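**Student:** If you read the sequences in order, they're chains S and B.
The opening residue of the first sequence carries number 1474 in our numbering; numbering runs sequentially from there.
The opening residue of the second sequence carries number 718 in our numbering; numbering runs sequentially from there.
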Amino acid sequence: MNSTHAAERSQVWNGELKKGFWLLGICLLLAGLPGLWDRLAHGHIHANYGSIVTWGLWVAAYIYFIGLSAGAFLVSSLVYVFDIRRFEPIGRLAVFTALVTLLLALLSIVFDLGHMNRAWHVMVYPNFKSPMAWMIWLYSAYFAILLAEMWLLLRRDLVVGGRQRNWRGRLYRLLALASRDDSDAGAQRDLKIVRGIATVGMPLVIMFNGGAGALFGVVAARPHWHSGLFPLLFLISALVSGGALLTLVAAIFQNGLTRNRDTVIALGRLVLGLLLLDVLFQFSEFLIAFRGGIPGHIAGLKLVISGPYWWVFWGWQVGIGTLLPILLLVLPTRHDPRWVALAGLLIAAGLFGLRLNIVIPGLAVEEIHGLGAAVASLRVHPHYFPSLPEWSLTAGIVGLGLILFGIGELLLPYEVQERTSHVSV
Amino acid sequence: MTHREIEQTLQDGPRLDGGSRRAALGWLAKWLGGALAGAVVLEGGKAAAAAAGTEDRSKRKHRYGMVIDTRRCVGCRACMVACKAENKTPPGVFYTVVFDQIVEPRIDDKPLFMTKPCFHCERPSCTDVCPVSATFKRKNDGVVVVDYDRCIGCRYCMTACPYSARWFDFGENYPAVEEKTPYADVPSPEYNQFRQREREKSPIGNVRKCTFCLHLQDEHGKYDKAKGRWPACAKTCTGQAIHFGDLSDPQSDVYHLLRERVAIRLKEELGTEPKVFYLI
Ligand code: SF4
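What follows is the structure, given as structure tokens:
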């Protein structure tokens, strides 16, 4: 009796959340239109990065989104590679999250290119000495894997759903790509293939997200990046952010607060552990650098903790992204999926601060002292704050992401919970 | 400007022939064929590249570099102006920059100026990171160039250069160009490509850098100081602080200066082996 009451309450809560979610998504998407127009009409002229801080908000957004994608995929591999039943109800959701965030990542980085229409050059003239080329090739493969996995996971439900005589049925029939088989044997076969694909995908994801870390790590010219810890840091924080986002999505998506209650709470525990590991890694990086005390090495870290954007680190990354969620996940609030979902939101948001603090302070240190003073140009200046069009475009990309999630929530067939009981591999 | 001329300009390096898609597809077909061998190809490629790297230096016809005498530099910045006039670089792009705070605080009160072009390193850290090999070191004279038609503008090379020698062209213009004065019609002679500055067109959206004014070389890749075919900054230097030439040519100033005086290079610890030396 008590529990049905609670379930009702959380349904109402869910409904409110969903409305807010759509509203936010639409607002952000609209906010992105001016930025998009500006980027297409004027190129990079209104962007605030320059020749010293040459990567800015868009690159930070890019590594943030691929981190989310890689993290979500790795959580899905808990289900499809390691067969951990606890997370089975959100396996499909995790793959969907990985797909959406990968799209956002690609969008962010394409707008950052000086010549967007030449992005195909990386496919045709790859230079495999460059970690960037590796990364792009690897995540193209990853994209294909995600699509295949998503389709296989949905196939049976699409076939079944395709029998409805409405637009939804028609859409499902289209997406099912002429597949008709809705037998259990078919679903089992799908799952087997998914396991195979996921097993290939996992090292791939580790390589490409570790590779994104390596992309920064190999740059010996930037001591802030040049550390063997970087690829690992990228992986750990990808796991944290992906797991955190999934916690949130699992709670909101398709009535998740009631359907996925236990999974959300379990995810919270997993994310807490990963977050603590991440803190340990970061701490190690700071500790070693500051104890060594070589000015060039700590210049970037000093900017992080006491530069003009100290608040990004202390407020955003440490406060919102680390301390608060740790409290929520340790105190008794950890038993309430709503609080756990909030912790997920905070962590996922806080890690954006981490991404900014990787990209920008690494570049904001003059490589040769006095460069900014030598020429009077806004493009040659170690100070960077994203311009309005930069914010706008980024907001639009986030908004697009929210809307894609919204559409997914409306269209994706509900995960059939019982299936777990009679599908065994 | 014909294909042939572009090729001549960007000699030897991997290149995109004026954006020809057919060439690109041909290349793709070839590569796919090769890719079947997978890792083997990569490894082989690396070995070949390494071998080529060592061969390069002995085979190279010229080894252009600079010796800059900081004691002769008066900080007039004529080199910066000359470079701008020669290459028609837009605002925010400076192929050379004169530093006056490089050592701060100074022990004595003597001013110290340092002009800093691209160092055209023997082992450049910028070229290896380019995902599309758009920037590379020319085999015959060691000048590091950018293929504007291939560069996608990712700016990875800028992060990798330890000397801030690379500049992104955001598309800004000086008033003379903006207001369409006759100056706006003068193309940049860079790479002998004579590109007009047009919106969205390369070099806007590309990374740009000092080329040692290679458009002033003759067909044999030689400069001629007497005829004024000489890098603009060195030609203009009022204090005669910038010495340019072939570092391995016993006839050249630079060759002798390096033997007679004590020279340093910046950030030796990174192993980039710059070809611009400073006398202090
Ligand atoms: S900006 Fe151009 S030259 Fe530099 S790494 Fe990217 S593609 Fe290569």
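Think of the CB as a built atom: it goes at the ideal place given N, C-alpha and C, for glycine as much as any other residue.
Given the structure is predicted, the values throughout are model-derived calculations rather than measurements.
Assign S/G1690 to buried or exposed, taking buried as 16 or more other Cβ atoms, counted over all protein chains shown, within 10 Å of its Cβ.
**Tutor:** buried
**Student:** Could you list which residues in chain B have their beta carbon closer than 7 Å to that of S/E1622, in chain order?
**Tutor:** Under the 7 Å cutoff, chain B gives no residues; its nearest Cβ is about 24 Å from S/E1622.
**Student:** Would a C-beta distance cut-off of 8 Å place S/V1532 and S/Y1615 closer than the cut-off?
**Tutor:** no
**Student:** For B/F836 versus B/T787, is the C-beta distance shorter than 8 Å?
**Tutor:** no
**Student:** For my contact list, B/D674 and B/H779 are in at a C-beta cut-off of 8 Å; report their separation, rounded to the angstrom.
**Tutor:** In the structure as shown, chain B starts at 718 and stops at 997, and residue 674 of chain B therefore has no counterpart that could be examined.
**Student:** For S/V1595, which of S/V1583, S/L1815 and S/I1609 has the nearest alpha-carbon?
**Tutor:** S/I1609
**Student:** Roughly how far, in whole angstroms, is the beta-carbon of S/H1854 from the beta-carbon of S/G1843, given that I think they are within contact range, below 8 Å?
**Tutor:** S/H1854 to S/G1843, Cβ: 12 Å. No contact.
**Student:** Quick one, which residues of the region 1841 to 1854 of chain S are near chain B if we go by CB-CB under 7 Å, in chain order?
**Tutor:** I1841, H1842, G1843, L1844, A1846, A1847, V1848, S1850, R1852 and V1853
**Student:** Closest to S/P1599 by C-alpha separation, out of B/R840, B/C868, B/P834 and B/K833, would be which residue?
**Tutor:** For S/P1599, the nearest C-alpha among the options comes from B/C868.
**Student:** Measuring only the C-alpha atoms, how far is B/P1029 from S/V1777?
**Tutor:** Residue numbering for chain B in the displayed model covers 718 to 997; residue 1029 of chain B lies beyond these limits and cannot be assessed.
**Student:** Measure from the C-beta of B/E990 to each C-beta in chain S and report whether the shortest distance is under 8 Å.
**Tutor:** no
**Student:** Taking its Cβ as the centre, do 16 or more other Cβ atoms sit within 10 Å of S/C1500, making it buried, or is it exposed?
**Tutor:** exposed
**Student:** At a cut of 8 Å, does the region 1745 to 1754 of chain S reach the region 1797 to 1810 of chain S through at least three beta carbon pairs?
**Tutor:** Taking 8 Å as the limit for Cβ pairs, the verdict is that the region 1797 to 1810 of chain S does touch the region 1745 to 1754 of chain S.
**Student:** Expressed to the nearest angstrom, what Euclidean distance is found between the alpha-carbon atoms of B/E760 and S/S1652?
**Tutor:** Low local confidence applies: a pLDDT of 40 at B/E760 is under 50, so the model's placement there is unreliable, with the coordinate-based value given in what follows. If I take the Cα positions, the gap works out to 42 Å.
**Student:** Alpha carbon to alpha carbon, what distance is there between B/I959 and B/G792?
**Tutor:** 12 Å
**Student:** Buried or exposed: S/T1720, going by 16 or more other Cβ atoms within 10 Å of its Cβ?
**Tutor:** buried
**Student:** Beta carbons nearer than 8 Å to chain S: which residues of the region 823 to 851 of chain B have them?
**Tutor:** K833, S842, D845, V846, C847, P848, V849, S850 and A851
**Student:** Just checking: is the beta-carbon of B/S871 within a distance shorter than 8 Å of some beta-carbon in chain S?
**Tutor:** It is worth fixing the name first, because residue 871 of chain B is Cys in this sequence and not Ser. Yes, B/C871 counts as interfacial toward chain S.
**Student:** Show which residues of chain B have a CB atom less than 9 Å away from the CB atom of S/H1856.
**Tutor:** Residues of chain B passing the Cβ test: none, with the nearest at roughly 15 Å.
**Student:** Could you confirm whether any beta carbon from chain S is found closer than 8 Å to the beta carbon of B/M875?
**Tutor:** yes
**Student:** Give a single yes or no on whether B/G888 has its beta carbon closer than 7 Å to a heavy atom of ligand 1.
**Tutor:** no
**Student:** Leaving out five residues before and five after B/Y865 in sequence, what residues of the same chain have Cβ atoms less than 6 Å from its Cβ?
**Tutor:** S919, P920 and N923
**Student:** State yes or no: is the C-beta of S/G1523 nearer than 7 Å to some heavy atom of ligand 1?
**Tutor:** Result no, Cβ not under 7 Å from ligand 1.
**Student:** If I measure Cβ to Cβ from S/D1663 and keep anything under 8 Å in the same chain, skipping five residues before and after, which residues do I get?
**Tutor:** L1625, L1626, R1628 and R1629
**Student:** Checking contacts by CB at 8 Å: is B/G770 closer than that to chain S?
**Tutor:** Reliability fails at B/G770, whose pLDDT of 43 lies under 50, so the model's placement of it is uncertain and the value that follows must be treated cautiously. Answer no: the Cβ-Cβ gap between B/G770 and chain S never drops below 8 Å.
**Student:** Which same chain residues end up closer than 7 Å to B/M718 when comparing Cβ atoms and leaving out the 5 residues on each side of it in sequence?
**Tutor:** With a pLDDT of 43 at B/M718, under the threshold of 50, the predicted position of this residue should be treated as unreliable, and no value is reported.
**Student:** From which residue to which residue does the alpha helix (DSSP H) around S/L1884 run?
**Tutor:** L1861 to L1884
**Student:** If I measure Cβ to Cβ from S/A1504 and keep anything under 8 Å in the same chain, skipping five residues before and after, which residues do I get?
**Tutor:** Same-chain partners within the cutoff: S1865, A1868, G1869 and G1872.
**Student:** Quick one: what does DSSP say S/F1825 is sitting in, helix, strand or coil?
**Tutor:** helix
**Student:** Go ahead and pull the three-state DSSP assignment for S/L1730.
**Tutor:** helix
**Student:** With a threshold of 7 Å (Cβ to nearest heavy atom), would B/Y995 be considered close to ligand 1?
**Tutor:** Not a single heavy atom of ligand 1 lies less than 7 Å from the C-beta of B/Y995.
**Student:** Nearest by alpha-carbon distance to S/A1772: which of S/G1835, S/A1543 and S/V1568 is it?
**Tutor:** S/G1835
**Student:** If you run the structure through DSSP and keep just helix, strand and coil, what is B/R789?
**Tutor:** coil
**Student:** Are the region 1565 to 1573 of chain S and the region 1713 to 1730 of chain S in contact at 8 Å, needing three or more beta carbon pairs?
**Tutor:** yes
**Student:** Consider the C-beta atom of S/G1529 and the heavy atoms of ligand 1; say whether any pair is separated by less than 7 Å.
**Tutor:** no
**Student:** Where does B/L829 sit, in a helix, a strand or coil, going by DSSP?
**Tutor:** Here B/L829 carries a coil assignment [DSSP, helix/strand/coil].
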